[in-house]
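Have a look at the structure below before the remarks.
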Amino acid sequence: MDYDLMVIGGGTAGMNAIKAAVGLGAKVAVVEEENFAGTCLRTG
Numbered sequence: 089m090d091y092d093l094m095v096i097g098g099g100t101a102g103m104n105a106i107k108a109a110v111g112l113g114a115k116v117a118v119v120e121e122e123n124f125a126g127t128c129l130r131t132g
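Below, the structure is given as structure tokens:
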């Protein structure tokens, strides 16, 4: 597997980094402990 960027954590900052990178055409891998997103996005 070949990625341009690996984001550790799918919280607010991670999701913004992913969105920006994908918008620029990057192939992004995400490492997240939970099933979906980070704590802020799941619990408010």
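Numbers 89 to 132, taken from our numbering, label the letters of the sequence shown in order. Virtual Cβ for every residue (Gly too), placed ideally from N, Cα, C.
Using alpha carbons as the reference points, say which of Glu121, Thr100, Ala108 lies closest to Asp92. It is Ala108.
Nearest to Lys115 by CA position, among Ala105, Ala101, Gly99, Thr100, is which residue? Answer by Cα proximity: Ala105.
From this set, Ala101, Gly111, Gly97, which residue's C-alpha is nearest Asn123's C-alpha? The residue with the shortest Cα to Cα distance from Asn123 is Gly97.
Can you tell me the Cβ-Cβ gap for Val110 and Met94, rounded? I've got them flagged as a contact below 8 Å. No, Val110 and Met94 are not in contact; Cβ-Cβ is about 13 Å, not under 8 Å.
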